[in-house]
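Offset between the sequence shown (1-based) and my numbering: plus 5.
Data block below; observations after.
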Amino acid sequence: MQEKLEALYDTLNSVLPGKVSYGTREGLENDPNYIIYQELNNRAIVYADDKVIAKIATFQISLITEKKNIGLEEQLEASLYFMGYEFELLSEFVNEDSSVNRVYEIKQEVF
6 MQEKLEALYD
16 TLNSVLPGKV
26 SYGTREGLEN
36 DPNYIIYQEL
46 NNRAIVYADD
56 KVIAKIATFQ
66 ISLITEKKNI
76 GLEEQLEASL
86 YFMGYEFELL
96 SEFVNEDSSV
106 NRVYEIKQEV
116 F
């Protein structure tokens, strides 16, 4: 699993260097644009002889921007696509301070 998290971090960090964090905004409080990513779950999908053979890991990526930034959104999506990540946009919402959150989900098989 560590390899998957590191590869995902490298992809995200190529979009916003130094502005990517796992799970929290810690250290990014002064940055108007940043990415938070985390593993949501890791569920078994295939069993054989009462043992897990394959799992699906679900990762969430939140792109937070000072205002709507289509160029950065497209850059993130292109980077994910180029690196072979199949992703879904789950939601986009505007915060009270007019910043914008875009939330993506990636599912990957784990053997």
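C-beta atoms are modelled at their ideal positions from N, C-alpha and C, and glycine is treated no differently.
As the structure is a computational prediction, the values presented were derived from the model and not from experiment.
- LEU95 has no beta-bridge partner at all, per DSSP.
- Contact check for ILE66 against TYR14 fails: the beta carbons are separated by 8 Å or more.
- The region 30-113 is shown to contain whole beta strand (DSSP E) runs of 3 or more residues at 39-53, 56-70, 92-99, in chain order.
- The C-beta separation of ALA62 from VAL115 comes to about 5 Å, placing the pair in contact by the 8 Å criterion.
- Among the bridge pairs identified by DSSP, TYR27 is matched with TYR42.
- When beta bridges are read from the DSSP output, VAL20 appears opposite no residue.
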